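Those letters in the sequence shown? Residues 1 to 178, by full-length UniProt numbering.
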Amino acid sequence: MAVTYWTGKKLTLRAIQPEDIIIFESLDDEILRNMDSLYFPRSAERMREWVEGQLEEVDEFRFIAIDRDNNIVGIIETFDCDRKNGTFDYYLAVFEPYRGNGYAKEMILMVLRFFFLELSYQKVNATVYSFNTPSMHLHEKLGFLKEGQLRSIIFTKGFYYDGICYGMTRQEFDMKYA
1 MAVTYWTGKK LTLRAIQPED IIIFESLDDE ILRNMDSLYF PRSAERMREW VEGQLEEVDE
61 FRFIAIDRDN NIVGIIETFD CDRKNGTFDY YLAVFEPYRG NGYAKEMILM VLRFFFLELS
121 YQKVNATVYS FNTPSMHLHE KLGFLKEGQL RSIIFTKGFY YDGICYGMTR QEFDMKYA
């Protein structure tokens with residue numbers, strides 16, 4: 001199978017669909033905590049409204065990651081997309097049974113290729129919470145540079161945690177992945 005922007009070696013990224021509401025209703029607290037999305041439960045109507053809002057086609061986009069066996073392995077979302085300055089952020093979640101298989105790396109690189117090579121963004125930013133050591137290691141391995149640390153920006157499990165700020169420019173991406 002040919003590698004395209006949305007189909008990689010291990011997985012495919014696709015747009016969210018209305019029936020994907022079940023995915024978001026079933027996310028466990030640990031995943032929601034990593035995405036800074038752990039809140040009070042939502043009504044079914046509010047969840048439907050939220051999913052429908054995700055269907056709009058803009059640079060801020062949520063992708064569902066599907067493996068070769070058609071399992072939903074995770075999600076990746078772009079946000080704070082600033083066309084004027086050419087910067088964007090993302091966060092991702094790989095569901096527990098699928099971690100350690102290289103899916104997060106492939107999801108990130110697929111999105112970066114598209115945003116850098118097709119949408120002409122020049123910089124990506126990612127904030128990883130200090131309790132998420134595997135994600136910090138992944139971003140460093142991918143070539144992201146640690147650009148700073150925001151102290152005590154998330155409260156969860158009864159404690160405040162820092163946000164570790166990572167970034168990569170288009171030029172750095174090209175040098176490593178061209």
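For every residue, glycine included, the Cβ atom is placed at its ideal position computed from N, Cα and C. Treat the numbers as computed from the prediction; the structure is a model and nothing was measured.
Secondary-structure assignment with DSSP links Y129 through a beta bridge to G163. By DSSP's assignment, G148 forms a beta bridge with C165. In its chain, beyond the 5 residues on either side, K10 and L11 have a beta carbon closer than 8 Å to the beta carbon of R68. Remark: C-beta atoms of Y166 and H137 do not approach each other more closely than 8 Å. Cβ neighbours of F173 within its own chain (closer than 7 Å, five residues either side excluded): L112 and F116. Our two residues, I64 and F95, have alpha carbons roughly 11 Å apart in a direct line.
If you look at L119, you'll find it isn't in any beta strand (DSSP E); DSSP assigns it neither H nor E. Remark: C-beta atoms of I154 and Y129 approach each other more closely than 8 Å. Proximity to C81 across A93, R151, S120 and A15 peaks at S120, based on C-alpha coordinates. A residue is called buried once 16 or more other Cβ atoms fall within 10 Å of its Cβ, and T4, having fewer, is exposed. Exclusion of the five residues before and after T127 leaves G163 and C165 as the residues of its chain whose Cβ lies within less than 6 Å of its Cβ.
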